[in-house]
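For the record, the sequence lines run as chains B, F and V.
Note that this note's numbering has the first sequence beginning at 50, numbered continuously upward.
Note that this note's numbering has the second sequence beginning at -17, numbered continuously upward.
Note that this note's numbering has the third sequence beginning at 161, numbered continuously upward.
Here the structure is laid out as C-alpha cells; the discussion comes afterwards.
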Amino acid sequence: MAVWEALLELADDHLVLGHRLSEWCGHAPMLEEDLALPNMALDLIGSARTLYDLAGTLEGKGRDEDALAYFRGERDYRNCLLVERPNEDFAHTVLRQLYFAAFMKPYWDRAMTSTNAVVQGVAGKAGKEMAYHIRHAGEWVIRLGDGTEESARRMADAVEALSIYVDELFDSSDAAQDAEKAGVLPVRAEMREAFDAVIADVFSQALLTQPDVAYGQRGGRTGQHGEGLGHLLAEMQSLHRAHPGATW
Amino acid sequence: MYSQGLIGADGRTTESEEFLARFQARIDAEEKIEPNDAMPEGYRRTLVRQIGQHAHSEIVGMLPEGNWITRAPSLRRKAALLAKVQDEGGHGLYLYCAAETLGVSREEMTEELLSGKAKYSSIFNYPTLSWADMGIIGWLVDGAAIMNQIPLCRCSYGPYARAMIRVCKEESFHQRQGYELCMSLAFGTPEQKAMVQDALNRWWWPSIMMFGPHDADSQNSDQSMAWKIKRFSNDELRQKFIDATVPQAEYLGLTLPDPDLKWNEAKGGYDHGPIDWSEFWRVVKGQGPMARDRIKARKKAWDEGAWVREAALAHAEKRQARKMAAE
Amino acid sequence: MVQTTPLWEVFIRPRNGLAHKHAGSIHAADEVLALQAARDVYTRRGEGTSIWVVRSADIVASDPDQAAENFEPTADKIYRHPTFYDIPDDVGHM
Chain B
50 MAVWEALLEL ADDHLVLGHR LSEWCGHAPM LEEDLALPNM ALDLIGSART LYDLAGTLEG
110 KGRDEDALAY FRGERDYRNC LLVERPNEDF AHTVLRQLYF AAFMKPYWDR AMTSTNAVVQ
170 GVAGKAGKEM AYHIRHAGEW VIRLGDGTEE SARRMADAVE ALSIYVDELF DSSDAAQDAE
230 KAGVLPVRAE MREAFDAVIA DVFSQALLTQ PDVAYGQRGG RTGQHGEGLG HLLAEMQSLH
290 RAHPGATW
Chain F
-17 MYSQGLIGAD GRTTESEEFL ARFQARIDAE EKIEPNDAMP EGYRRTLVRQ IGQHAHSEIV
43 GMLPEGNWIT RAPSLRRKAA LLAKVQDEGG HGLYLYCAAE TLGVSREEMT EELLSGKAKY
103 SSIFNYPTLS WADMGIIGWL VDGAAIMNQI PLCRCSYGPY ARAMIRVCKE ESFHQRQGYE
163 LCMSLAFGTP EQKAMVQDAL NRWWWPSIMM FGPHDADSQN SDQSMAWKIK RFSNDELRQK
223 FIDATVPQAE YLGLTLPDPD LKWNEAKGGY DHGPIDWSEF WRVVKGQGPM ARDRIKARKK
283 AWDEGAWVRE AALAHAEKRQ ARKMAAE
Chain V
161 MVQTTPLWEV FIRPRNGLAH KHAGSIHAAD EVLALQAARD VYTRRGEGTS IWVVRSADIV
221 ASDPDQAAEN FEPTADKIYR HPTFYDIPDD VGHM
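As C-alpha cells, then:
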C-alpha cells in the first residue's frame, strides 16, 4: 500500500462531496443558499484538485487530476460512504456537511505539520474553509432542529439516516496507515474528541439527540459503495469518457 | 446575463405636467434618482418591471448552464462553470434587492415569476444540448448581455445602476471563460469542432434576437430612453454586438449561420439577414421549447424550500423571545 | 399569505484602515444567517476583511422632501472652508 492511495481517498472524499453540493446550484431553498452551497462546493473541489495532482505525482504513472477523477469507476473510487449519500433534502445536506467538516477541521489542523509540503499547503487553506463549513452547516442544523415541527422531524430523519456513516470517518485504511506512519497524514482515530465536541454543541442547540448506532456502515475505502455513487460517476464522467484524448 | 427586449412595460403616468417637467429636468441634468425621491408612477412601474425581468432572467438563467455542472469534462471547467452559475444567482440577488427599494418584495416578484405573469429573457427557454453550449452561451449570450448592461451602469435609477456596476465587474469573466471554452473545442478534435459549430448554429439567431424587436416595432423605448432607464436603442446594440462578434467567430474558424451576413463599407458595419420575428414572439409568449420546464424547476425549488424558510423564521422568533425573556 | 424574510443592508470594510461601505442587501431570518449570507454573497472575490449587517427596517433615513432645508443652507457658509481665507504665499503651506 502506498501513500498516494491515501491521498486518493482524501481527494475522492472532497470531489464526491463537492459534486453532491454542486447539484444544488439553482435549486436551493433560497437565493442566499444558491450562493452559499457552491462556495462550499468550490472549496472542496479546489482541495480535491490539489490532492489528485499530488497523488498522481507520487504514483508516478503520469496520471493527472482528470485522469484520476474521470477514468476510475465506482469500484476504484475510495471515498467514504458519508460523502456519496444523496442530497435528499436540505436537512440531509447540511448535516452531511457538518459531519464531514467537523471531522476534517481537526484533521487539517494536524496536517499542518505534515512531512509533505503540498499537504501542509492544502491544510492551511482547507482548515479555514472547514471552520466556516462547520459554522454555516451548524447554524442551519440548529435552525432546522429548533424551527418548526416539520423541520425538526426532517432534521431528526437526517440524523437517523446519516449517523450510521460517521464511524467510517475515523477508520484508517492500510494505505492511510502507511501515510500516517510516514507523517504525511494525521491519524484518523485521533479526531474523535474534537468531532464529538462540535457535534454535541450543535446538537444540544438543535434539540437533537444522537442515536445509538448499532452498526456503522463501512466499505468506501475498499470500493464497497452504495448504489448512488455509480450514477453520480456515470453522469460526471460521461462526456469526458466519450472523447478519449480530447482536451477541454 | 440578460439583454433588453423589455416586454410590455407600461410607462403611462398621471402626474401633473409641472411635476413631470421637474422630474425630467433632474434626469436631463444626469442627476440620479434614489429610492425615496418623488418619481412618476410610470417611472417606478417601468423600473420594477425591468429590474424584475432582469432579476428573473438571471435566476432562470442558472438552469440551462446548471444542466452541465455535473457533467463538466474537466475539474478546472467544473469549478469555473459552478462559479459562473453561482454568479448568475448573485446577479439575480443584487437585482431583486434593487427592485425592493421600489416597494416590491422578493417574495412578490418570485410569485409573479412562478405564476407565469412575469417575463424573463426568452433565450433561456432554449435547451442546452451539448457541452459546447456552455462556451457559446458565455461568448454570445453573456456577450450580448454585456453590451446591454454596460450602459445600464449609467441608468438614472441609483440602486439599479449600482447593482449593474457590481454585475458588470463580475460578468467580465463570463464572456472570457465562454470564449476560451469555445477555443478549446474549435481547436480540438473534429468531434469537438463539430460540437461547437452545432452550438453556434443553434444559438446565433436567439442571441441576436435578445436585443429585442427592431426600433420601429418597440413601443416602450421612447419613454424609457427619455427617462434614461435605457440608453441605446435595440438596433444600435444589436449592430454593435454583430460587429464585435464576426471577427471573433473568424478567429475560431467557425461559420455564423447567416448567408446574408456581409460587411457594408458605407455604414461601417455588417448587414445581416432577416430575423424570424415569428419565432421571437412565439418564444416570448411562452412557447419556447423549455419554457414550462424552466418554471417547473423554479417552482419546485421554491416549494420544496418553503419548509426551510419557515423554519428559519420560526427559529428567529424563538431566539427573539428567549432574548426578551433573559432581559 | 407568504411570509417574508427580513431584508438586511450589508456594509463591507475593504481592508483595515478604511471605513465600512454599503455593498448591497440580502435576505435572512436572523443576524447570524445575515452575516453568513453577506459573507457568501458579497465577499467571494476578496472584497473585504469585515462585515456589518443592519436590518433595513432599522435604518432611519432623512426625508428627500426635506433635502432643501437640510442641506442647502450650508451652501453660503463658505467661511467654513480653508480657501475662504487669504494667506500670502510667503507664509508657506498652511
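For every residue, glycine included, the Cβ atom is placed at its ideal position computed from N, Cα and C.
Because the structure is a prediction, the values reported are computed rather than measured.
> Looking only at its own chain, which residues have a Cβ that is under 6 Å from the Cβ of Gln221 of chain F, when we skip the five neighbours before and after it?
Replying inline: The sequence position of residue 221 of chain F within the second sequence is 239, counting from 1. Once the five neighbours on either side are set aside, the close Cβ partners of Gln221 of chain F are Gly251.
> Where DSSP assigns a beta bridge to Val65 of chain B, which residues make up the other side?
Replying inline: Looking up residue 65 of chain B in the first sequence gives position 16. The partner list for Val65 of chain B (beta bridge, DSSP) is empty, contrary to what the question assumes.
> I think Leu288 of chain B touches Trp185 of chain F, with their Cβ atoms under 8 Å apart; what is that distance to the nearest whole Å?
Replying inline: Against the first sequence, residue 288 of chain B aligns to sequence position 239. Against the second sequence, residue 185 of chain F aligns to sequence position 203. The Cβ separation is near 19 Å, so there is no contact.
>> Would Gly43 of chain F pass as an interface residue toward chain V - the criterion being a Cβ-Cβ separation below 9 Å?
In response: Walking along the second sequence from the start, residue 43 of chain F turns up at place 61. It does not: the Cβ of Gly43 of chain F has no partner Cβ on chain V nearer than 9 Å.
> Given Ile41 of chain F, which residues of its chain have a CB within under 6 Å of its CB, disregarding the five upstream and five downstream residues?
Replying inline: Residue 41 of chain F sits at position 59 when you count from the first residue of the second sequence. Answer for Ile41 of chain F: Gly74, listed in chain order.
> By a C-beta neighbour count over all protein chains shown, 10 Å radius and 16 as the cutoff for buried, is Lys60 of chain F buried or exposed?
Replying inline: Here residue 60 of chain F is taken as the residue at index 78 of the second sequence, counted from 1. Buried, since its Cβ has 16 or more Cβ neighbours within 10 Å.
> Applying a beta-carbon distance threshold of less than 7 Å, which residues of chain V neighbour Leu84 of chain B?
Replying inline: Position 35 of the first sequence, counted from the first residue, corresponds to residue 84 of chain B. Within chain V, the residues near Leu84 of chain B are Asp200, Val201.
> Helix, strand or coil: how does DSSP classify Lys181 of chain V here?
Replying inline: For this step, residue 181 of chain V is matched to residue 21 along the third sequence. Strand, per DSSP.
> Mind checking whether Glu217 of chain B and Gly268 of chain B have CB atoms under 9 Å apart?
Replying inline: Numbered from 1 along the first sequence, position 168 holds the residue referred to as residue 217 of chain B. Numbered from 1 along the first sequence, position 219 holds the residue referred to as residue 268 of chain B. A contact, by the Cβ cut-off of 9 Å.
>> Checking 9 Å against the spacing of the C-beta atoms, do Asn136 of chain B and Arg69 of chain B come in under that value?
In response: To locate residue 136 of chain B, count along the first sequence from 1; it is residue 87. To locate residue 69 of chain B, count along the first sequence from 1; it is residue 20. A contact, by the Cβ cut-off of 9 Å.
> Buried or exposed: Met240 of chain B, going by 16 or more other Cβ atoms within 10 Å of its Cβ?
Replying inline: Within the first sequence, the letter at position 191 stands for residue 240 of chain B. By the neighbour-count rule (16 or more Cβ atoms within 10 Å), Met240 of chain B is buried.
> According to the neighbour-count rule (16 or more other Cβ atoms, all chains shown, within 10 Å of its Cβ), is Phe244 of chain V buried or exposed?
Replying inline: Taking the third sequence and counting its residues from 1, the one referred to as residue 244 of chain V is at position 84. Flag for Phe244 of chain V reads exposed.
> Looking only at DSSP bridge pairs, what is Val214 of chain V linked to?
Replying inline: Start at 1 with the first residue of the third sequence, and residue 214 of chain V comes out as number 54. According to DSSP, which records beta bridges pairwise, Val214 of chain V is partnered with V:Glu169.
> Using a beta-carbon distance below 9 Å, is Leu66 of chain B in contact with chain V?
Replying inline: Indexing the first sequence from 1 puts residue 66 of chain B at position 17. So no, Leu66 of chain B is outside the interface.
> Counting contacts by CB-CB distance shorter than 9 Å, is Pro78 of chain B in contact with chain A?
Replying inline: Here chain A cannot be found, since the structure's protein chains are B, F and V.
> So what does Lys244 of chain F bridge to, in DSSP terms?
Replying inline: For the purposes of this step, residue 244 of chain F is taken as residue 262 along the second sequence, with counting starting at 1. Lys244 of chain F pairs with F:Asp253.
>> As a quick exercise: from B:Glu199, B:Ala51, B:Ala150, pick the residue whose alpha carbon is nearest that of Arg184 of chain B.
In response: Walking along the first sequence from the start, residue 184 of chain B turns up at place 135. Of the candidates B:Glu199, B:Ala51, B:Ala150, the one whose C-alpha sits nearest the C-alpha of Arg184 of chain B is B:Ala150.
>> At the level of alpha carbons, what is the spacing between Met165 of chain F and Ala62 of chain F?
In response: Along the second sequence, read from residue 1 onward, the residue named residue 165 of chain F stands at position 183. Along the second sequence, read from residue 1 onward, the residue named residue 62 of chain F stands at position 80. Distance between the alpha carbons of Met165 of chain F and Ala62 of chain F: 15 Å.
> Would Pro235 of chain B pass as a contact of Arg159 of chain B if the rule is Cβ separation under 9 Å?
Replying inline: Residue mapping note: residue 235 of chain B aligns to position 186 of the first sequence, counting from 1. Residue mapping note: residue 159 of chain B aligns to position 110 of the first sequence, counting from 1. It is a contact, given that the beta carbons lie within the stated cut-off.
> Do we get a CB-CB distance below 9 Å when we pair Pro87 of chain B with the residues of chain F?
Replying inline: The residue given as residue 87 of chain B occupies position 38 in the first sequence. Chain F, which has a Cβ nearer than 9 Å to the Cβ of Pro87 of chain B, makes this yes.
> In chain B, what lies closer than 7 Å to Ser350 of chain F by C-beta?
Replying inline: Since the first and last residues shown for chain F are -17 and 309, residue 350 of chain F lies out of range.
>> Beta carbons nearer than 8 Å to chain F: which residues of the segment 90 to 123 of chain B have them?
In response: Ala90, Leu91, Ile94, Gly95, Ala97, Arg98, Tyr101, Glu114, Asp115, Ala118, Tyr119
> Roughly how many whole angstroms lie between the Cα atoms of Met(-17) of chain F and His182 of chain V?
Replying inline: The residue given as residue -17 of chain F occupies position 1 in the second sequence. The residue given as residue 182 of chain V occupies position 22 in the third sequence. In this predicted model, Met(-17) of chain F has a pLDDT of only 47, less than 50, meaning its place in the structure is not dependable; the value taken from the coordinates is given anyway. Cα-Cα distance, rounded: 24 Å.
> How do the segment 193 to 204 of chain V and the segment 81 to 96 of chain B stand: do at least 3 beta-carbon pairs fall below 8 Å, yes or no?
Replying inline: Yes: the two stretches touch, three or more of their Cβ pairs being nearer than 8 Å.
> Taking only beta-carbon atoms, is Lys305 of chain F less than 9 Å away from chain B?
Replying inline: Looking up residue 305 of chain F in the second sequence gives position 323. It does not; no Cβ of chain B falls within 9 Å.
> How about Gln174 of chain F: is its C-beta nearer than 9 Å to some C-beta of chain B?
Replying inline: In the second sequence, residue 174 of chain F corresponds to position 192, counting from 1. Output row for Gln174 of chain F: interface = yes.
> Interface residues of chain B around His187 of chain V at Cβ under 9 Å?
Replying inline: As a position in the third sequence, residue 187 of chain V is number 27, starting the count at 1. Residues of chain B passing the Cβ test: Met79, Leu80, Glu81.
>> Within 9 Å of any Cβ in chain B, is that where the Cβ of Thr234 of chain V sits?
In response: Numbered from 1 along the third sequence, position 74 holds the residue referred to as residue 234 of chain V. Not closer than 9 Å to any Cβ of chain B, the Cβ of Thr234 of chain V fails to qualify, so no.
>> Quick check on Trp121 of chain F - is its C-beta less than 9 Å from some C-beta in chain B?
In response: Start at 1 with the first residue of the second sequence, and residue 121 of chain F comes out as number 139. Judged by the 9 Å Cβ criterion, Trp121 of chain F is not in contact with chain B.
>> Which residues does DSSP list as the beta-bridge partners of Tyr139 of chain F?
In response: Start at 1 with the first residue of the second sequence, and residue 139 of chain F comes out as number 157. Paired residue(s): F:Ile15.
> According to DSSP, which residues form a beta bridge with His187 of chain V?
Replying inline: What you label residue 187 of chain V is simply residue 27 of the third sequence in a count that begins at 1. Answer by DSSP bridge pairing, in chain order: V:Leu167.
> Which bits of chain F does Glu352 of chain B rub up against, with CB to CB less than 7 Å?
Replying inline: A question about residue 352 of chain B goes unanswered here, because the residues of chain B that appear run from 50 up to 297.
> chain F beta carbons: is any one of them nearer than 9 Å to that of Ser287 of chain B?
Replying inline: Working through the first sequence from its first residue, we reach residue 287 of chain B at position 238. Yes, contact with chain F.
> Out of B:Val132, B:Ser222, B:Ala116, B:Glu198, which has the shortest C-alpha to C-alpha gap to Leu256 of chain B?
Replying inline: Indexing the first sequence from 1 puts residue 256 of chain B at position 207. Of the listed residues, the one whose Cα sits closest to Leu256 of chain B is B:Glu198.
> How about Asp115 of chain B and Leu57 of chain F: are their beta carbons less than 9 Å apart?
Replying inline: Within the first sequence, numbered from 1, the residue matching residue 115 of chain B stands at position 66. Within the second sequence, numbered from 1, the residue matching residue 57 of chain F stands at position 75. A contact, by the Cβ cut-off of 9 Å.
> So, helix, strand or coil for Met146 of chain F, using DSSP?
Replying inline: As a working mapping, residue 146 of chain F is identified with position 164 in the second sequence. Looking at Met146 of chain F - three-state DSSP - the assignment turns out to be helix.
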